[in-house]
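Student: Residue numbers (the working numbering): 8 to 435.
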């Protein structure tokens, strides 16, 4: 049978429709991993909220997750939280100014709204105060939908006030008030064609489990009862990503050592498999794990008290057909751990280990933090404080910072592209 030769450039010009179709098929193949995900290529996401959003934790975790899990999908993120905000606005201006300057100016296609902690005023439920919240929230939704009819809004039920690891300040506790506010937010979602993310329930559940394990450490998940630390924010990011339909899959590989065969690959490819006393292969992954700093005791406790790794960070390696015994795993020459053949036959989650992939993802998160810091400096140190001073030097500064933001985003995207990794599994 004659070998098929590549089409010449003349043939390519003669069949433009064919090559357009092939290009579309290639793009379709590359986008399979993001099927069902709420975000789309070239979206601009604006995180809007109060001081909890302004902590730049659940928002930057979400950004890094998207960048590392969907490295071929460009998305722009804008962090617009302001401490003390209510539905009426706050220190950054009244609500209409905040929406105009800090949301609409960025031409968002996606917006998240997280308010309520300040609106309830840390007191027992008050009908008049709740009605202010309800009408103010409705005003925000109406304003945004009129300004951007195709805007995809995700409303967030308020994160918890910690009445779990400390005694409530009044009967029932403030978190019950926040839950009531959250139910109102949830009720607005369906009739307004919005998504809803519950950032209260999973954090409260984790607090209860953590308290049963280590009460003192559990209190540090939300140190001041209002503002969660990184562990709490990681679970909040999980809630938002679940609402968006994010895939928990990083990669999945199954190898049968006895037959020297690759049984399964998902979101990766395996090449050069050789089996003997040392089993080796090369993996070309299509995404990276979410970096989780389990060296931090509080984060580690929070993760153990939740389903984060199971639900959002699955990077599985399964090797069957092994002789009984212990096996040392190296990736790119780095020792990852020693595992029993039985455990490897069931499968391990590499996202739980300090792998080269996890280190690469952590470097991406560092760029996320730097990029976000540039935007914060532009917005909070130059744009807002000097907006009424009519200084001609301000606009050039803003433009330079925008360029720096764009450059850091490009580096962040480049750093998130997975690299080929060499695996070695050696019997001890």
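Using N, Cα and C, we set each Cβ at its ideal position, and we do this for glycine too.
Let's test the definition: count the other Cβ atoms within 10 Å of the Cβ of residue 103 and tell me whether it reaches 16, buried, or not, exposed.
Tutor: With fewer than 16 other Cβ atoms within 10 Å, it is exposed.
Student: Do residue 258 and residue 322 count as a contact pair if the criterion is CB distance below 7 Å?
Tutor: Closer than 7 Å, so yes.
Student: Near residue 10, which residues of its chain fall below 6 Å by C-beta distance, leaving aside the five closest residues on each side in sequence?
Tutor: Its pLDDT being 30, under 50, residue 10 is placed unreliably by the model, and nothing is read from it.
Student: Considering only residues of the same chain and omitting the five flanking positions on each side of residue 436, which have a CB-CB separation below 8 Å?
Tutor: Since the first and last residues shown for the chain are 8 and 435, residue 436 lies out of range.
Student: Can you tell me where the alpha helix (DSSP H) holding residue 388 begins and where it ends?
Tutor: Residue 388 -> no alpha helix (DSSP H), and no H or E assigned at all.
Student: What does the Cβ neighbour count give for residue 112, buried or exposed, with the cut at 16 atoms within 10 Å?
Tutor: Per the 10 Å Cβ criterion, exposed.
Student: So does the stretch 401-411 actually touch the stretch 279-287, counting three or more Cβ pairs closer than 8 Å?
Tutor: No, they do not touch.
Student: Sorted by chain position, which residues of the same chain lie with C-beta nearer than 8 Å to residue 157's C-beta, five sequence neighbours on each side aside?
Tutor: If we look at residue 157 and ignore the five residues flanking it on each side, its Cβ neighbours are 116.
Student: Got a sec, what are the start and stop residues for the alpha helix (DSSP H) residue 195 sits in?
Tutor: Residues 181-196.
Student: Taking the alpha carbon of residue 249 as the point to measure from, which residue in 311, 404 and 161 has its own alpha carbon closest?
Tutor: Of the listed residues, the one whose Cα sits closest to residue 249 is 161.
Student: Round the Cβ separation of residue 92 and residue 57 to the nearest angstrom and send it over; I've been treating them as touching at under 8 Å.
Tutor: Their Cβ separation, rounded to whole angstroms, is 4 Å, which keeps residue 92 and residue 57 in contact under 8 Å.
Student: State the Cα-Cα distance for the pair residue 169 and residue 397, rounded to the nearest angstrom.
Tutor: Whole-angstrom Cα-Cα distance: 45 Å.
Student: Might you give, ordered along the chain, the residues of its own chain that have their beta carbon closer than 7 Å to the beta carbon of residue 61, omitting 5 neighbours on each side?
Tutor: If we look at residue 61 and ignore the five residues flanking it on each side, its Cβ neighbours are 88, 89 and 90.
Student: Under 7 Å Cβ to Cβ from residue 125, same chain only, skipping five residues before and after it: list those, please.
Tutor: Cβ neighbours of residue 125 beyond the five flanking positions: 57, 91, 92 and 93.
Student: Can you tell me whether DSSP reads residue 431 as helix, strand or coil?
Tutor: In the structure shown, residue 431 sits in a strand (DSSP, three-state: E or B).
Student: In the structure shown, what three-state DSSP assignment does residue 289 receive?
Tutor: DSSP places residue 289 in strand when its eight states are reduced to three.
Student: Determine the closest residue to residue 179 out of 129, 149 and 214, with distance taken between C-alpha atoms.
Tutor: Residue 179 has its Cα closest to that of 129, out of 129, 149 and 214.
Student: Mind checking residue 266: buried by the 16 CB within 10 Å criterion, or exposed?
Tutor: Exposed, since its Cβ has fewer than 16 Cβ neighbours within 10 Å.
Student: Can you list, in chain order, the residues of its chain with a C-beta nearer than 8 Å to that of residue 199? Leave out the 5 residues immediately preceding and following it.
Tutor: The residues are 148, 152 and 160.
Student: Count the CB pairs spanning the stretch 361-371 and the stretch 284-300 that are closer than 8 Å, and state whether there are at least three.
Tutor: A contact exists between the stretch 361-371 and the stretch 284-300.
Student: Considering only C-alpha positions, which residue in the set 325, 188, 134 and 207 is nearest to residue 350?
Tutor: Of the candidates 325, 188, 134 and 207, the one whose C-alpha sits nearest the C-alpha of residue 350 is 325.
Student: May I ask you to verify whether the stretch 338-350 touches the stretch 268-275, counting CB pairs closer than 8 Å and requiring at least 3?
Tutor: Touching, no.
Student: Quick check on the DSSP output: what are the complete alpha helix (DSSP H) runs of length 4 or more inside the stretch 215-240, in order along the chain?
Tutor: If we require 4 residues or more, the alpha helix (DSSP H) runs fully inside the stretch 215-240 come out as 222-226.
Student: Using a Cβ-Cβ cutoff of less than 8 Å, which residues in the same chain neighbour residue 420 once the five nearest sequence positions on both sides are dropped?
Tutor: Contacts found: 74, 78 and 81.
Student: Our contact map puts residue 312 next to residue 217 with C-beta atoms below 8 Å; I'd like the distance itself, whole angstroms only.
Tutor: That belief holds up - the Cβ atoms of residue 312 and residue 217 are roughly 4 Å apart, short of 8 Å.
Student: Pull the bridge partners of residue 118 from the DSSP assignment, please.
Tutor: Paired residue(s): 53 and 160.
Student: Which value, in whole angstroms, describes the spacing of the CA atoms of residue 243 and residue 206?
Tutor: The alpha-carbon atoms of residue 243 and residue 206 are separated by roughly 5 Å.
Student: Taking DSSP as the reference, what is the three-state secondary structure of residue 334?
Tutor: Three-state DSSP puts residue 334 in a strand.
Student: Would residue 225 and residue 172 be called neighbours here (beta carbons separated by less than 7 Å)?
Tutor: Yes, they are a contact pair.
Student: Might you give, ordered along the chain, the residues of its own chain that have their beta carbon closer than 6 Å to the beta carbon of residue 192, omitting 5 neighbours on each side?
Tutor: Taken in chain order, the residues that qualify are 162 and 164.
Student: On the CB-based measure, 16 or more other CB atoms within 10 Å of its CB, does residue 68 come out buried or exposed?
Tutor: With 16 or more Cβ atoms within 10 Å of its Cβ, residue 68 is classed as buried.
Student: Within 8 Å, do at least three Cβ pairs link the stretch 328-341 to the stretch 425-433?
Tutor: Touching, per the Cβ criterion.
Student: Determine the direct distance from the alpha carbon of residue 84 to that of residue 119, and round the result to whole angstroms.
Tutor: About 11 Å.
Student: Roughly how many whole angstroms lie between the Cα atoms of residue 186 and residue 195?
Tutor: So the two alpha carbons sit approximately 14 Å from each other.
Student: Near residue 427, which residues of its chain fall below 6 Å by C-beta distance, leaving aside the five closest residues on each side in sequence?
Tutor: Excluding residues within five positions, the ones whose Cβ falls inside 6 Å are 289 and 291.
Student: Return the first residue and the last residue of the beta strand (DSSP E) that residue 87 is part of.
Tutor: Where residue 87 is concerned, the enclosing beta strand (DSSP E) stretches over 82-88.
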